[in-house]
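S.K.: Here it is, the structure, as structure tokens.
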Amino acid sequence: MPHRPKRVAVTSPQTRLAHLRGRARGRWRVPRLDPDDAERAAVLYRKQRGQGLLALVAGMAALAGLPLVFAAWPALDEVRLWSIPLSWLMLAVLPYPTLAALAFWQLHRAERIERR
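Following this line, the structure appears as structure tokens:
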């Protein structure tokens with residue numbers, strides 16, 4: 195049986211240093227807030243979570259609403275734009291700008307809550 199060379203893992207010196215530093219520091223701990231800041235953070239979290247859920251529901255309604263629109267108006271399959279049915283174009287193109295606008299709206303509202 196021929197002798198095989200020993201396999202060696204080659205890593206960057208920075209990688210070894212990063213691993214050593216990570217072990218030397220110990221466990222990461224969540225910083226403690228003073229009671230006033232902790233209460234403000236909890237209120238901020240609840241408000242932003244509520245608005246985030248509203249944005250999630252609006253996004254799901256927009257996406258789930260497309261099949262309802264197609265069921266309500268089956269004539270959209272017959273309308274063609276560039277020889278493609280309008281319903282297909284709506285399904286392929288409409289969700290992306292809608293979700294982007296919804297994300298922008300949610301970000302704006304979350305930042306407005308933080309500024310208060």
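Heads up, this note's numbering is the position in the sequence shown plus 194, with the first residue counted as 1.
Note that the Cβ used here is the ideal one computed from N, Cα and C, for glycine as well.
It should be emphasised that the depicted structure is a prediction, and the values quoted were computed from it without experimental measurement.
Check this for me: beta carbons of ARG310 and GLN245, under 8 Å apart or not?
M.R.: Going by C-beta atoms, ARG310 is not nearer than 8 Å to GLN245.
S.K.: Hey, is the region 248-265 in contact with the region 289-308, meaning 3+ C-beta pairs nearer than 8 Å?
M.R.: Judged by Cβ distances under 8 Å, the region 248-265 makes contact with the region 289-308, as three or more pairs qualify.
S.K.: Return the CA-CA distance between ALA269 and LEU280, expressed in angstroms with no decimal places.
M.R.: Computed Cα separation, rounded: 9 Å.
S.K.: Please tell me whether LEU247 and ALA235 are closer than 8 Å, where the distance is taken between their beta carbons.
M.R.: Against a cut-off of 8 Å, the Cβ pair of ALA235 and LEU247 comes out as no contact.
S.K.: Between which residues of its own chain and ILE307 is the CB-CB distance below 8 Å, once the five residues before and five after are set aside?
M.R.: Same-chain partners within the cutoff: LEU238, LYS241, GLN242 and GLN245.
S.K.: From PRO289 to LYS200, what does the alpha carbon distance come to, in whole angstroms?
M.R.: If I take the Cα positions, the gap works out to 55 Å.
S.K.: Grouping DSSP H, G and I as helix and E and B as strand, with all else coil, what is ARG274?
M.R.: Correct three-state label for ARG274: strand.
S.K.: Check whether the Cβ atoms of ALA265 and THR292 lie closer than 8 Å to each other.
M.R.: No, they are not a contact pair.
S.K.: If LYS275 sits next to LEU283, beta carbons under 8 Å apart, how far is it from one beta carbon to the other, in whole angstroms?
M.R.: Going by the sequence as given, residue 275 is Leu instead of Lys. Between LEU283 and LEU275 the Cβ distance is about 6 Å, and since that is below 8 Å, they are a contact.
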